[in-house]
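Working notes for the structure below.
Residue numbers (the working numbering): 38 to 315.
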């Protein structure tokens, strides 16, 4: 009895280890450049720009940590990496998650992809290779109901017009795998939905009170995907910071040019009055 129980326990443990969903943790460190001191040392005119509605990009590492965890930044990273599209290979017991190595990449046109955030819908489809053709079957789940997807292609790339946008099917140059025995399962979610998930899962905190280094940590079912996301968040953060600085510089230049034009006009009037007096 003991031996039978032991065999059963070990078998169940082996099955659990084989099919349990694995979760990986990835971490990166980011140096946050604090421009607060530089802003304080700037001229009085530039410091007064805040009164006109201009705010410096960096006001301390705590604020920057909040920005790193924001949904706006998460949405940029998700769209850049196309994480709103999920891929799996159909399995007998459990479907296998794949990242970057899918034989076929699927995407939705930009216009309808943005519309998904306001009019949520989910594309779910299976792609199989049969008789020299690519067969696509699935549904578009909307608030009104389900819209069927049923088509086939002889070659790739190929497009499919649907009620919710144009689907694009392309061979993945990064993949060495071919679509053979198992179906490729593809799901397209609203980008905001996936961005909310990643924003909630991301942990950002200063490494210490004496430094301006932030530690970003993320748990995900794919280790490479987690690391790619953290790197992309850093890229999006820097891009957003540069855009903010460029906007402040542009508005500063606009303000200075406007002030100079006003001064020149006033000087012209003063010189005219002086000539009249003489």
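Every residue, glycine too, gets a C-beta built ideally from N, C-alpha and C. Only a predicted model underlies this, so the values are computations on that prediction, with no experimental measurement involved.
field: Residues near residue 170 in its chain [Cβ-Cβ closer than 8 Å; skip 5 each side]
entry: Here residue 170 is taken as the residue at index 133 of the chain shown, counted from 1. Excluding sequence neighbours, residue 170 sits near 189, 190 and 191.
query: Going by the beta-carbon positions, is the gap between residue 222 and residue 132 smaller than 8 Å?
result: For the purposes of this step, residue 222 is taken as the residue at position 185 of the chain shown. For the purposes of this step, residue 132 is taken as the residue at position 95 of the chain shown. Result yes, Cβ atoms of residue 222 and residue 132 sit closer than 8 Å.
Burial state of residue 313, where buried means 16 or more other Cβ atoms lie within 10 Å: Residue numbering aside, residue 313 sits at position 276 when the chain shown is read from its first letter. That one is exposed.
- request: Assign residue 297 to one of two classes, buried (16 or more other C-beta atoms within 10 Å of its C-beta) or exposed (fewer than that).
  value: Here residue 297 corresponds to residue number 260 of the chain shown, with the count starting at 1. Counting Cβ neighbours within 10 Å, residue 297 comes out exposed, since fewer than 16 surround it.
field: Continuous alpha helix (DSSP H) stretch holding residue 235: start and end
entry: Taking the first residue of the chain shown as 1, we reach residue 235 at position 198. From DSSP, the alpha helix (DSSP H) with residue 235 extends over 228–238.
message: Taking the straight line between their C-alpha atoms, what separation do you get for residue 246 and residue 153?
response: Against the chain shown, residue 246 aligns to sequence position 209. Against the chain shown, residue 153 aligns to sequence position 116. Cα-Cα distance, rounded: 41 Å.
message: Classify residue 102: buried if its beta carbon has 16 or more other beta carbons within 10 angstroms, exposed otherwise.
response: Looking up residue 102 in the chain shown gives position 65. Buried, since its Cβ has 16 or more Cβ neighbours within 10 Å.
message: My assumption, with CB atoms under 8 Å, is that residue 65 sits in contact with residue 234. Please give the rounded CB distance.
response: Start at 1 with the first residue of the chain shown, and residue 65 comes out as number 28. Start at 1 with the first residue of the chain shown, and residue 234 comes out as number 197. Incorrect: roughly 19 Å between the Cβ atoms, too far for contact.
- request: Run the CB neighbour count on residue 232, radius 10 Å, all protein chains shown included, and call it buried at 16 or more, exposed below.
  value: As a working mapping, residue 232 is identified with position 195 in the chain shown. Buried.
- prompt: Are the CB atoms of residue 259 and residue 121 nearer to each other than 8 Å?
  reply: Mapped onto the chain shown, residue 259 falls at position 222. Mapped onto the chain shown, residue 121 falls at position 84. No, the Cβ-Cβ distance between residue 259 and residue 121 is not below 8 Å.
task: Go through its chain and collect everything with a Cβ distance to residue 174's Cβ below 7 Å, but skip five positions before and after it.
output: Here residue 174 is taken as the residue at index 137 of the chain shown, counted from 1. Contacts found: 162, 163, 186 and 187.
task: State whether the stretch 190–204 contacts the stretch 140–149, with contact taken as three or more CB pairs (one from each stretch) at a distance under 8 Å.
output: yes
task: Starting from residue 100, follow the alpha helix (DSSP H) in both directions and report where the run begins and ends.
output: Locating residue 100 in the chain shown gives position 63, counting from the first residue. 98–105 is the span of the alpha helix (DSSP H), which, as asked, contains residue 100.
- request: Taking only the alpha-carbon atoms, compute the straight-line gap between residue 196 and residue 113 and give it to the nearest angstrom.
  value: Reading the chain shown from its first residue, position 159 is the one you call residue 196. Reading the chain shown from its first residue, position 76 is the one you call residue 113. Rounded to the nearest angstrom, the two C-alpha atoms are 25 Å apart.
- prompt: DSSP puts residue 252 in a beta bridge; with which residues?
  reply: For the purposes of this step, residue 252 is taken as residue 215 along the chain shown, with counting starting at 1. Paired residue(s): 66 and 242.
- prompt: How would you label residue 115, buried or exposed, when you count the other beta carbons within 10 angstroms and need 16 or more for buried?
  reply: Reading the chain shown from its first residue, position 78 is the one you call residue 115. Counting Cβ neighbours within 10 Å, residue 115 comes out buried, since at least 16 surround it.
message: Can you look up residue 199 in the DSSP assignment and give me helix, strand or coil?
response: For the purposes of this step, residue 199 is taken as residue 162 along the chain shown, with counting starting at 1. Three-state result, residue 199: strand.
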